[in-house]
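Shown next, in structure tokens, is the structure this report addresses.
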Amino acid sequence: MSEWIADQLIEWDKRFIWHPFTDIRAWYAPEHEPLILVEGQGALLRSIAEVWQCSVVAAGKNAEEVTA
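Numbering follows my numbering, in which position 12 of the sequence shown is assigned residue number -7; successive positions increment by one, without gaps.
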């Protein structure tokens, strides 16, 4: 996904979406880079930066089981 699309998504998110449990000062800080997910396969999630991560919530595991 192009940098322009990522920048547009971030701008729209900050303008139109309310994140009730987010520290807004940190969210709007210039150094903050939000995680933009573009694909999911089971418990695996791919970010816009082409990084795959495992979702502990989607996997049905708790943090102790994943880190053990």
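Idealized CB from N, CA, C, for every residue including glycine. Since the model is a prediction, treat every value here as computed from it, not as a measurement.
So, at 8 Å on beta carbons, what are the nonlocal neighbours of residue i in its own chain, with the 5 sequence-adjacent residues on each side left out?
i     : result
Val19 : Met(-18), Arg27, Ser28 and Ile29
Pro15 : Ile(-9), Asp(-6) and Trp8
What residues in its chain sit with their C-beta under 7 Å from that of residue i, if we drop five residues either side in the sequence?
i     : result
Ser36 : Ala24 and Leu26
Ile17 : Ala(-13), Leu(-10), Ser28 and Ile29
His13 : Ala7
What separation, rounded to the nearest whole angstrom, lies between the Cα atoms of residue i and residue j?
i       : j     : result
Pro11   : Gln22 : 31 Å
Ile(-2) : Val38 : 22 Å
Gln34   : Pro1  : 24 Å
Ile5    : Glu31 : 26 Å
In the DSSP output, what is residue i paired with across the bridge?
i        : result
Glu20    : Arg27
Gln(-11) : Paired residues: none, contrary to the question.
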